[in-house]
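In our numbering, the protein residues as written are 238 to 340.
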């Protein structure tokens, strides 16, 4: 199951993580975000040993959305070593997300 990232846990769970972290910036009202939800959940289960996968609600965490220049959702950002290492905007296939993760 994917993690839920918030302002309170973002530094510890994402920026200080030992493993790469894939963050799904989304909103509950966003149709395309709901379309991606199952794919993100599947990746969280399949990659549990190597990648942390989680969601961040932009309505609850506007400061983080602005900091990482999230202008439209869904936006997926891969973090490695505390830095944003890659970004995809819009609905993505599982294969496209895997390409982002593999770099």
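Note that CB positions come from ideal geometry on N, CA and C, so glycine has one too.
Limits of the unbroken alpha helix (DSSP H) element including residue i
| i | result |
| --- | --- |
| residue 334 | 331 to 339 |
| residue 277 | 268 to 283 |
| residue 315 | Note, residue 315: premise wrong, no alpha helix (DSSP H); beta strand (DSSP E) at 312 to 317. |
| residue 302 | 299 to 304 |
Residue i and residue j closer than 8 Å at C-beta
| i | j | result |
| --- | --- | --- |
| residue 338 | residue 269 | no |
| residue 180 | residue 263 | Nothing can be reported for residue 180: it is not among the residues displayed for the chain, which extend from 238 to 340. |
| residue 311 | residue 265 | no |
| residue 295 | residue 259 | no |
| residue 313 | residue 306 | no |
| residue 239 | residue 277 | yes |
| residue 252 | residue 334 | no |
| residue 322 | residue 340 | yes |
| residue 243 | residue 297 | yes |
Where the beta strand (DSSP E) containing residue i begins and where it ends
| i | result |
| --- | --- |
| residue 291 | 289 to 294 |
| residue 323 | 320 to 326 |
| residue 188 | Nothing can be reported for residue 188: it is not among the residues displayed for the chain, which extend from 238 to 340. |
Per-residue burial, residue i [other beta carbons within 10 Å of its own, 16 or more giving buried]
| i | result |
| --- | --- |
| residue 329 | buried |
| residue 332 | exposed |
| residue 273 | buried |
| residue 300 | exposed |
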